[in-house]
Amino acid sequence: MKGLIAFAVLVAAALLFVGQKFGDVHPLSPGPDAAATDASAAAPHSHVVRGTAEPTVQYAGEGIAIDRDHSGQFHLDAAVNGTRTRFLVDTGADTVALSVTDAQAAGIEVNPNGFVPILRTASGQGYGTLVTLDRLEIGETQFRNVGAVVVKDLGVSLLGQSVLARMGRVELKGDRMVIEPQ
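Residue numbering for the sequence shown follows the working numbering, beginning at 624 and increasing consecutively.
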């Protein structure tokens, strides 16, 4: 886990170095089954039920409450260009980082020869390529033209501060991470 976080931080630092710009956030109009406005209230359309191997993710308007999973981490599902993608919520990462598999599934063209050494990790040189996501949807919130990096050999896609900060305040409440609009 420490290696993954260090890797994410280095990816973020590399992106800051090249000055990548990130898109704006635009709330989507709530659907007929929109959840309550209190982020701690149970949403009627939670992705999974508490007690399973997967944590509960609850959407309440633009706010999100995520239960810690069995490994001690926080994961959520989002849509990258309309394709469901599983993310590790990484408050230590400065940007969104996608695995090659997730990027390709979302229709992002990844040139295998386009990876360049953009970061250093404890395990050596890290290779990635800068991309722009047309759309990133998390709950009722949509981000457009999101700068991201596709990282070679990344095991899980990371949701970093470039998006988390736009969503609002991130707070840990015991085994729950709450992201509330500011």
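For each residue, glycine too, the CB sits at the ideal point set by N, CA and C.
Straight-line measurement puts the Cα of Gly751 at about 10 Å from the Cα of Asn736. Taken through DSSP and simplified to helix, strand or coil, Ser746 comes out as coil. Within the DSSP secondary-structure output, Ser722 pairs in a beta bridge with Val774. Distance check between Phe697 and each of Lys796, Ile731, Lys775 places Lys796 closest, using alpha-carbon atoms only.
For Leu759, the closest alpha carbon among the candidates Gly686, Leu782, Val703 is that of Val703.
Here Asp776 is exposed, its C-beta having fewer than 16 other C-beta atoms within 10 Å. The continuous alpha helix (DSSP H) containing Val786 extends over residues 784-790. Scanning Gln805, Ser746, Ala716, Leu711 for the CA closest to the CA of Ser694 turns up Leu711.
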